[in-house]
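Visitor:
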Amino acid sequence: MTVDQQSRKREHPVSASPPTETPEGEASTCSGISTPESVELHTAWPGWIPLLVIAVMVVCCVGFAVGRIAGW
Numbered sequence: 002m003t004v005d006q007q008s009r010k011r012e013h014p015v016s017a018s019p020p021t022e023t024p025e026g027e028a029s030t031c032s033g034i035s036t037p038e039s040v041e042l043h044t045a046w047p048g049w050i051p052l053l054v055i056a057v058m059v060v061c062c063v064g065f066a067v068g069r070i071a072g073w
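Residue numbers (our numbering): 2 to 73.
1. Which of helix, strand or coil does DSSP assign to Gly-48?
2. Starting from Glu-41 and walking both ways along the alpha helix (DSSP H), at which residues does that stretch end?
3. At a threshold of 7 Å, does Trp-73 count as lining the ligand GTP (C-beta to nearest heavy atom)?
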């Protein structure tokens, strides 16, 4: 069998119409990923608590950096 004969066997006819989409429920990888967030999670923390935690972390990091520079 020559190379020309092998390449001819591998050629597939091109269909005239584009392939159809997979139905949503059938073999869908994103099925069931997006779930609504419960209402309890919206009121779990007041808005100022995460900001306070971030502010404390920033003050600690800046204080550590200033202390390292001053101790150098």
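C-beta atoms are modelled at their ideal positions from N, C-alpha and C, and glycine is treated no differently.
Guide: Reading it off the structure:
1. Taking the first residue of the sequence shown as position 1, residue 48 is located at position 47. Per DSSP, reduced to three states, the secondary structure at Gly-48 is coil, with no helix or strand assignment.
2. Within the sequence shown, numbered from 1, the residue matching residue 41 stands at position 40. Counting along the chain, the alpha helix (DSSP H) containing Glu-41 begins and ends at 40–43.
3. Absent from the structure shown: the ligand GTP. Ligands present: none.
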